[in-house]
Amino acid sequence: MKSTRRGNYESGSDYVLEYGELRFTFNERDFTERVEQAAVKLGFVDGQLEESEREDLVNLAVNCHVKNPSSPLGDPVNTSWRELDGPSERSLVHWLRRLVFRGAWLDQRVKEGELEVVFDEQSQTFGYAQPDRNYELIELSPEPSWRRVAYRRERSEID
20 MKSTRRGNYE SGSDYVLEYG ELRFTFNERD FTERVEQAAV KLGFVDGQLE ESEREDLVNL
80 AVNCHVKNPS SPLGDPVNTS WRELDGPSER SLVHWLRRLV FRGAWLDQRV KEGELEVVFD
140 EQSQTFGYAQ PDRNYELIEL SPEPSWRRVA YRRERSEID
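Heads up: the sequence shown begins at 20 in this note's numbering, then just goes up one per residue.
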């Protein structure tokens with residue numbers, strides 16, 4: 020039986036996520052973009068954030084809080100903390116980290132040839148197929164939604 024040693028994802032050394040024997044390291048831009056994408060996927064934000072909002076979101080993902088907010092995003096996080104925190108598998112921070120890790124894990128598997136990105140014409144979505152299993156699609160576990168306590172930026176009259 021063939022045993023494959025999977026490589027660790029690496030884009031830099033600014034941030035580190037570890038799970039078991041896997042150690043994924045990220046440069047600041049990569050990590051920030053992945054955290055923002057995770058927050059969108061979870062319904063916590065509804066689109067691209069401004070730099071200071073991204074900074075607060077990254078602080079949340081890294082430190083589990085936004086102690087000194089640099090944007091309006093920090094205040095709702097702090098006031099809604101009881102709804103955002105909880106047992107690890109139900110906290111927003113857990114899911115932000117989990118989606119960042121999952122995305123990097125999938126990217127690494129594509130890089131190593133274990134998975135291929137495929138487009139499903141019927142659903143108009145991208146997925147991951149396993150070439151060594153007759154291109155069977157992998158099923159990703161569903162993520163919870165934080166839309167009920169989502170951060171919504173105040174729109175100015177000019178918008």
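In this text, a Cβ means the ideal position worked out from N, Cα and C, and glycines have one as well.
query	result
For Glu135, the residue or residues it bridges with in DSSP	Ala148
For Arg121: DSSP bridge partner residues	Arg121 pairs with nothing; no bridge assigned.
DSSP state of Leu92 mapped onto helix, strand, coil	coil
Val59, enclosing alpha helix (DSSP H) - first and last residue	Glu47 to Lys60
Rounded Cβ spacing between Ser99 and Glu69 (contact assumed at less than 8 Å)	Contact doesn't hold; Cβ gap of about 20 Å is too wide.
Beta-carbon proximity check, Ala57 vs Val96, cutoff 8 Å	no
Residue range of the alpha helix (DSSP H) that includes Leu159	Taken as a continuous stretch (DSSP letters only), Leu159 belongs to no alpha helix (DSSP H), as it is neither H nor E.
Assumed close pair Gly62, Arg166 - CB separation to whole angstroms, cut-off 8 Å	4 Å
Residue environment, Arg116, which counts as buried when at least 16 other CB atoms sit within 10 Å	buried
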